[in-house]
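One structure below.
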Amino acid sequence: MKEGQDWIYTDIVKDHFLNPRNFLMGDESKFKYDAVGLVGNPICGDQMKMFIKVNDDKIIDLRWKTYGCASAIASTSALSELAKGKSLDEALKISAKDIDDYLGNLPKHKFHCSVLGHEALADAIKNYREAKKKA
Ligand code: FES
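First residue of the sequence shown? That's 0 in numbering that gives the first Met the number 0, and the numbers climb one at a time after it.
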């Protein structure tokens with residue numbers, strides 16, 4: 000990578016930022032979800048909320064919303080594509096590297112943004128499992 004290129008977003012990142020997949024637009028109650036996760040980024044203070052719909056231990060659908068930056072939006076859009084249709088355990092195994100590979104590399108100084116969606120997804124799965132235990 001040439002000097003200065005670490006500041007450049009790839010075309011895939013730009014596409015996911017400008018056309019985020021599975022983004023929850025507007026009223027949360029319009030999406031019927033089974034569990035929700037909410038996390039904050041300690042570095043910048045941004046937040047991410049993840050809503051999951053689960054059937055037979057599989058994520059059959061999901062939506063998300065955030066106050067995060069372009070990297071957080073693109074990363075979570077990619078994560079949402081990777082997680083849909085996976086079992087809960089498989090979804091938890093999606094790594095920051097998987098997301099980075101999918102997007103063709105994020106700037107390194109934006110790494111903390113790329114984990115926000117995954118942390119929100121993990122929180123949603125934890126909340127889903129806790130609710131199921133109580134039921
Ligand atoms: S700067 Fe806050 S999520 Fe990227």
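All C-beta atoms, glycine included, are put in the ideal place defined by N, C-alpha and C. It should be emphasised that the depicted structure is a prediction, and the values quoted were computed from it without experimental measurement.
Given residue i as reference, the closest of the options once Cα atoms are compared
i	options	result
Glu129	Val114, Ser28 and Ala34	Ala34
Ala95	Phe16, Lys131 and Leu105	Leu105
Met49	Leu115, Val12 and Lys131	Leu115
Asn21	Ala69, Arg62, Leu102 and Lys13	Arg62
Lys92	Thr9, Asp45 and Glu118	Glu118
Lys13	Phe110, Leu120, Leu102 and Lys125	Leu102
Lys85	Asp45, Met47, Ile124 and Lys64	Ile124
Thr9	Asp26, Gly39 and Asp100	Asp100
Test item: CB-CB of residue i and residue j under 8 Å
i	j	result
Asp122	Leu23	no
Val53	Leu87	yes
Ile58	Lys83	yes
Cys112	Ser74	yes
Ser70	Pro19	no
Ile51	Leu78	no
Buried versus exposed call for residue i [16 or more other C-beta atoms within 10 Å across all chains shown]
i	result
Ser28	exposed
Pro41	exposed
Gly67	buried
His15	buried
Lys133	exposed
Ile72	buried
Lys131	exposed
Leu17	exposed
Any non-hydrogen atom of ligand 1 closer than 7 Å to residue i Cβ
i	result
Leu37	no
Asn104	no
Leu86	Per the sequence shown, residue 86 should be read as Ser rather than Leu. Ser86: no, Cβ never under 7 Å from ligand 1.
Ser76	no
Lys64	no
Lys48	no
Leu115	yes
Asp122	no
Ala71	yes
Asn54	no
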